[in-house]
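See below for the structure under consideration.
Protein chains in written order, with UniProt numbering: chain A, 1 to 130; chain B, 1 to 125; chain C, 1 to 245.
Pasting the structure below:
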C-alpha cells in the first residue's frame with residue numbers, strides 16, 4: 001500500500017504582505033482605487049459644468065479644501081507609481097529587433113520617460129495658455 | 001491532481017478588456033500625473049491662475065467636438081484600466097465567489113460612468 | 001578557537017508519521033564556500049539521515065534542487081551560506097506545489113503542463129533524413145534562444161501567485177516553452193498552440209506580477225513571453241472576430 005500523502009499548503013489571504021515584491025505589485029494594482037476616485041471627481045466636474053457657472057465654481061471651490069488637496073497629493077503619488085511601474089514593464093511587451101539583435105530594455109524605458117516629459121510640458125503649456 | 005488537457009481550450013474574451021486596460025493604462029501613465037497636478041493641486045492652491053479652469057474656457061472647450069472627445073477619453077478611458085485591475089485584484093485578495101457578478105459590476109461601473117460623461121458632453125452641445 | 005556555526009531550519013514533513021509540516025532546526029559549521037545544497041548534504045550525512053531533498057548535478061543545470069530559501073524560490077546549489085550568514089536560514093519545499101516529503105514536492109501538474117503545450121517541433125511537412133537538415137540562421141535562432149534555456153526547475157511556479165490562486169493556469173515555464181517553439185522558424189505548430197495561449201487558463205490567467213522572471217536561475221523571462229503572447233492573442237482574437245473558422 002502506498003504511504004504517499006501529499007500535503008497541500010493553503011495560500012494565506014495576506015500572501016501579498018509576505019514578500020516586498022508582492023507588496024509592490026499590490027500597491028501598483030491598488031493605485032487604481034484612487035485613480036478611479038480621481039476619474040469620478042472629474043466626471044462630477046463635467047456634471048457641474050453642464051449645470052452652469054455657479055455649479056462649476058462650487059466644484060472648483062470644493063477642490064481647494066485641504067482634504068481635497070491631500071487626496072490629490074495621494075493620487076499624484078500613486079499615479080506616478082503607476083507611471084514608473086508601467087514604464088519599467090513596457091519593454092516586456094516590445095519585441096523590437098534591429099539587425100538581428102533584440103533592442104535592449106534601457107532605450108525603450110528612457111524613450112517612455114522622454115515622452116512623459118514632453119507630454120507633461122506640452123499639457124502644462126496648453127493649460128497655461130489662457 | 002491531474003488536470004485534463006484533453007478538452008479543447010476555450011477562447012477567452014479577455015482581449016477586449018485587456019485592450020481597454022492597456023489603452024487606459026498608457027493614458028494614465030502619461031497624462032494622469034499632470035492632470036492631477038493641475039486640477040487637484042496647482043489651481044486649487046493658487047499656484048496656477050484660476051483662469052486656467054475658468055467656466056468660460058472649459059465650457060467653450062467642452063462644447064467643441066474635439067474638446068468633448070478629449071474630455072471623454074481623459075475621464076472615461078482610465079476607468080477601463082482601473083476597474084480591470086480592481087476586478088483582478090478582488091481575485092488576488094481571495095474573493096473567489098461570484099466572479100461573473102464581480103466582472104459585470106466592475107466593467108459595468110466603467111461603462112456606466114462612461115455613458116454618464118458621454119451624455120453630459122452631448123447635451124452641452 | 002570555537003567553530004563558527006549557522007542555524008538552518010528545515011520544514012519537515014514525513015507522510016507516514018506527520019499530519020502537517022513542522023520546522024526542525026539544525027546547527028552546522030559555517031563554511032564560506034558551502035552552498036545550501038552542500039549544507040543539506042552535510043546535515044544528511046552527519047546529523048540526520050532522514051532528511052529528504054532532491055538534487056543531482058550541483059551546478060544549476062539539472063533543475064532538481066529548487067526550494068524556498070528564506071521564503072524565496074532558489075536553486076539550493078546556486079545560493080550559499082555566506083549569502084545569509086550570520087542570519088538563520090529557513091528551507092522549505094517549493095511553494096505552490098504539494099509536499100511529497102520534507103523538501104521534495106509533487107511536480108506532476110507542472111510536468112503535465114509542460115507536456116500540454118506540445119514541446120516539440122511541428123514541421124509544416126515531414127521531411128525524411130535524405131532531404132537534409134532544417135536550416136536555421138543565427139538570427140532566427142536568437143528569436144527563441146532565451147526561452148529555450150529553461151531547466152524545468154519550477155521556481156517560477158513557486159513565485160507565481162496566479163498559479164497559487166488557480167492551479168488551472170498554464171503558468172510561466174510552460175508558456176515560455178510554448179514561446180520557444182512558436183518563435184522557432186522550423187516550427188509550424190503556432191496556430192495549434194495559440195489555442196492554449198488564447199484560453200482563460202493560458203496567458204489570460206496572468207496579471208503580470210513579474211516575479212517569475214526575477215527568480216529564474218537561467219535568465220529566462222517568462223513574464224515577457226506571456227506579455228508578448230497577450231499581444232498575439234489579442235490580434236488573434238480580432239482576426240477570429242472577422243474570420244471565424
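Note that CB positions come from ideal geometry on N, CA and C, so glycine has one too. Just so you know, these numbers come straight off a predicted model, no measurement behind them.
* Asked: Which partner residues does residue 27 of chain C have in the DSSP bridge list?
  -> Paired residues: C/7.
* With 16 as the cutoff for other CB atoms within 10 Å, does residue 99 of chain B come out buried or exposed? -> Answer is exposed; the Cβ neighbour count stays below 16.
* **chain B contact for residue 128 of chain A (CB, 8 angstroms cutoff)** => So, interface residue.
* Asked: Apart from the five residues just before and just after residue 117 of chain B, which ones in its own chain have a Cβ nearer than 8 angstroms to its Cβ?
  -> Hits under 8 angstroms: 71, 72, 75 and 76.
* To do: For residue 72 of chain A, return the contacting residues in chain B, with the cut-off set at a CB-CB distance below 9 angstroms.
  => Annotation: Cβ neighbours of residue 72 of chain A in chain B (cutoff 9 angstroms, chain order): 36, 37, 39, 40, 41 and 44.
* Asked: Quick one: which chain A residues come within Cβ less than 8 angstroms of residue 105 of chain B?
  -> Under a criterion of Cβ atoms nearer than 8 angstroms, no residue of chain A is adjacent to residue 105 of chain B; the nearest Cβ is some 13 angstroms distant.
* **Residues bridged to residue 22 of chain C (per DSSP)** => In DSSP, residue 22 of chain C forms a bridge with C/12.
* Asked: Which runs of the beta strand (DSSP E), 3 residues or longer, sit entirely within the segment 72-144 of chain C?
  -> Segments of the beta strand (DSSP E) lying fully in the segment 72-144 of chain C: 72-75, 89-92 and 99-101.
* Asked: Thinking C-alpha only, which one of C/17, C/65, C/54 and C/82 is nearest residue 7 of chain C?
  -> Residue nearest to residue 7 of chain C within the set C/17, C/65, C/54 and C/82 is C/82 (criterion: CA-CA distance).
* **Under the three-state DSSP convention, the category residue 101 of chain A falls into** => In the three-state DSSP reduction, residue 101 of chain A falls in the strand class (E or B).
* Can the beta-carbon of residue 174 of chain C be found less than 8 angstroms from the beta-carbon of residue 121 of chain C? -> Between residue 174 of chain C and residue 121 of chain C, the gap from beta carbon to beta carbon reaches 8 angstroms or more.
* For residue 215 of chain C, the three-state DSSP class (helix, strand or coil) -> Three-state DSSP puts residue 215 of chain C in a helix.
* Asked: So which of A/94, A/119 and A/126 has the shortest CA-CA distance to residue 107 of chain A?
  -> Ranking A/94, A/119 and A/126 by Cα distance to residue 107 of chain A puts A/94 first.
* To do: Pick out the complete alpha helix (DSSP H) segments inside the segment 28-72 of chain C, 4 residues or longer, and give them in chain order.
  => The segment 28-72 of chain C contains these whole alpha helix (DSSP H) runs: 36-42.
* Asked: For residue 4 of chain A, does the three-state DSSP call read helix, strand or coil?
  -> Coil, per DSSP.
* To do: Using the Cα positions of residue 3 of chain B and residue 126 of chain C, report the straight-line distance between them to the nearest angstrom.
  => With a pLDDT of 48 at residue 3 of chain B, under the threshold of 50, the predicted position of this residue should be treated as unreliable, and no value is reported.
* To do: Label residue 38 of chain A either buried or exposed according to how many other C-beta atoms from any shown protein chain fall within 10 Å of its C-beta, with 16 as the threshold for buried.
  => With 16 or more Cβ atoms within 10 Å of its Cβ, residue 38 of chain A is classed as buried.
* Is residue 29 of chain B helix, strand or coil by DSSP? -> Three-state result, residue 29 of chain B: helix.
* To do: Note down, in chain order, each residue of its chain lying with its Cβ closer than 8 angstroms to the Cβ of residue 172 of chain B, except the 5 sequence neighbours on either side.
  => Only positions 1 to 125 of chain B appear in this structure, which leaves residue 172 of chain B out of reach.
* Return no unless some Cβ of chain A is closer than 8 angstroms to the Cβ of residue 3 of chain B. => Note that residue 3 of chain B has pLDDT 48, beneath the 50 cutoff, so the model's placement of it is unreliable and no number is given.
* Where do the N-terminal and C-terminal ends of the alpha helix (DSSP H) with residue 72 of chain A fall, by residue? -> Where residue 72 of chain A is concerned, the enclosing alpha helix (DSSP H) stretches over 66-89.
* alpha helix (DSSP H) segment containing residue 94 of chain A, residue limits -> In this chain, residue 94 of chain A is not harboured by any alpha helix (DSSP H), its DSSP state being neither H nor E.
* Asked: Taking DSSP as the reference, what is the three-state secondary structure of residue 199 of chain C?
  -> Of the three classes helix, strand and coil, the one that applies to residue 199 of chain C here is strand, per DSSP.
* To do: Please report how far the alpha carbon of residue 32 of chain A lies from the alpha carbon of residue 31 of chain B, in whole angstroms.
  => The straight-line gap from Cα to Cα measures roughly 14 angstroms.
* To do: For residue 93 of chain A, decide whether its Cβ has a neighbour in chain C, counting only Cβ atoms nearer than 8 angstroms.
  => Taking Cβ atoms only, chain C reaches closer than 8 angstroms to residue 93 of chain A, which makes this a yes.
* Asked: Is residue 242 of chain C buried or exposed, if buried means 16 or more other CB atoms sit within 10 Å of its CB?
  -> Residue 242 of chain C comes out exposed.
* Can residue 66 of chain B be considered in contact with the ligand MG, in the sense that its beta carbon sits closer than 7 angstroms to one or more heavy atoms? -> This structure simply doesn't include the ligand MG, nor any ligand for that matter.
* **Inter-residue Cα distance where the pair is residue 27 of chain C and residue 50 of chain C** => For residue 27 of chain C and residue 50 of chain C, the distance between alpha carbons rounds to 16 angstroms.
* **Coil, strand or helix - residue 11 of chain B by DSSP** => Strand, per DSSP.
* **Cβ pair residue 164 of chain C, residue 11 of chain A closer than 8 angstroms** => For residue 164 of chain C and residue 11 of chain A, yes; Cβs fall inside 8 angstroms.
* Asked: Which one of C/98, C/193 and C/58 has the shortest CA to CA distance from residue 13 of chain C?
  -> Measuring from the Cα of residue 13 of chain C, the nearest candidate turns out to be C/98.
* Asked: From which residue to which residue does the alpha helix (DSSP H) around residue 85 of chain B run?
  -> Segment 65-92, the alpha helix (DSSP H) holding residue 85 of chain B.
* Residues of the segment 8-21 of chain B with Cβ closer than 9 angstroms to any Cβ of chain C, in chain order -> Among the residues of the segment 8-21 of chain B, those with a Cβ less than 9 angstroms away from any Cβ of chain C are 8, 9, 10, 11, 12, 13, 14, 15, 16, 18 and 19, in the order of the chain.
* Asked: The alpha helix (DSSP H) spanning residue 101 of chain B covers which residue range?
  -> Start and end: 99-124.
* Asked: What is the rounded straight-line gap between the Cα of residue 71 of chain C and the Cα of residue 62 of chain B?
  -> When rounded, the distance between both Cα atoms is 53 angstroms.
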